[in-house]
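Engineer: Residue numbers (this note's numbering): 2 to 108.
Don't be surprised by glycine CBs; every beta carbon is placed ideally from N, CA and C.
Quantities reported herein were computed from a predicted structural model and do not represent experimental measurements.
Just dropping this structure here.
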């Protein structure tokens with residue numbers, strides 16, 4: 002994805018914001034023309050959907066309480082932190098599994 006340094010610099014903060022839960026909408030709606038921010042925003046959207054899925058599955062007695070909820074939450078936090086750090090570094094990053102889903106989504 003070739004982009005100029007100026008475009009990446011302009012999109013860094015928007016991309017960073019995209020990993021904060023519902024704020025994934027900010028780069029998707031506010032920076033549609035910036036491929037860097039938009040790609041991170043799409044990943045943020047898929048991560049948000051995954052977080053909702055983990056939250057719902059965590060209500061399953063025993064396995065949800067002690068396995069799915071805690072492990073899923075840790076995975077979501079790690080993915081969000083890595084996404085935020087790489088966006089501030091001006092790098093494209095594709096999340097494992099969720100990144101493939103984000104690429105397939107047409108907005």
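Expressed to the nearest angstrom, what Euclidean distance is found between the alpha-carbon atoms of residue 47 and residue 75?
Structural biologist: Within the chain shown, residue 47 is the residue found at index 46, counting from 1. Within the chain shown, residue 75 is the residue found at index 74, counting from 1. Cα to Cα, residue 47 sits roughly 16 Å from residue 75.
Engineer: Compare the C-beta of residue 94 against all C-beta atoms of chain C and say whether one is closer than 8 Å.
Structural biologist: The structure shown contains no chain C, having only a single protein chain.
Engineer: Only counting the same chain, and skipping five residues up and downstream in sequence, which positions put a Cβ closer than 7 Å to that of residue 89?
Structural biologist: For the purposes of this step, residue 89 is taken as residue 88 along the chain shown, with counting starting at 1. Closer than 7 Å at the Cβ level, and outside the excluded window around residue 89, lie 13, 17.
Engineer: Measuring alpha carbon to alpha carbon, tell me which residue in 84, 83, 82, 56 is nearest residue 71.
Structural biologist: The sequence position of residue 71 within the chain shown is 70, counting from 1. Residue 71 has its Cα closest to that of 56, out of 84, 83, 82, 56.
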